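Sequential numbering from 25 applies to the sequence shown in the working numbering.
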Amino acid sequence: MTDTPKIIAARIEVARTRAALLETTREVQARLQPRTLASEAWEKAKDKGADIAEGAVDAVAKRPIAVGGVVAALAMFLAREPLKAATVKFYDAMTPLFEPRSKAVALKEKRAAKPARPAQPRQARAPRKAAQEKTEKA
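As structure tokens, then:
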């Protein structure tokens, strides 16, 4: 049996379609490799970061005082404990010796001195009888 030209053309078309399908499958496999996915994600993140940085630079150029205030407030918030300690040290250094140095001492009420108790001689205790009896029985 000899193939007709239509059958030969159909077989050639099937071979072309199969080759195209295999090529597409190879391309999809290459795109889905972890290395390729990570590389594409890294490139997109770099582009996005560059866009954000450019926007930030533009915002700073338009309103430098407002941005400076925000940065200063953020820095003070993040460094609140060291700033608090430095303020207390500075206050203590600038406070004269006769003023109270701590808030707690300054806020305490001053009480009148309690009268001293008269000294009473100590009396010797009599030994307990029940305790002595228990030790004698044992």
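The C-beta atom is built at its ideal place from N, Cα and C for all residues, glycine as well. Only a predicted model underlies this, so the values are computations on that prediction, with no experimental measurement involved.
- Per DSSP, the continuous alpha helix (DSSP H) segment holding residue 53 begins and ends at 29 to 55.
- The beta carbons of residue 54 and residue 48 sit no closer together than 8 Å.
- When secondary structure is reduced to three states using DSSP, residue 87 falls in the coil class, being assigned neither helix nor strand.
- Cβ-Cβ separation between residue 91 and residue 103: approximately 18 Å, too far for a contact (criterion under 8 Å).
- When secondary structure is reduced to three states using DSSP, residue 26 falls in the coil class, being assigned neither helix nor strand.
- In this structure, residue 107 sits near residue 100, with a CB-CB distance shorter than 8 Å.
- Distance from the CA atom of residue 109 to the CA atom of residue 74, rounded to whole angstroms, is 39 Å.
- For residue 110, the enclosing alpha helix (DSSP H) starts and ends at 104 to 118.
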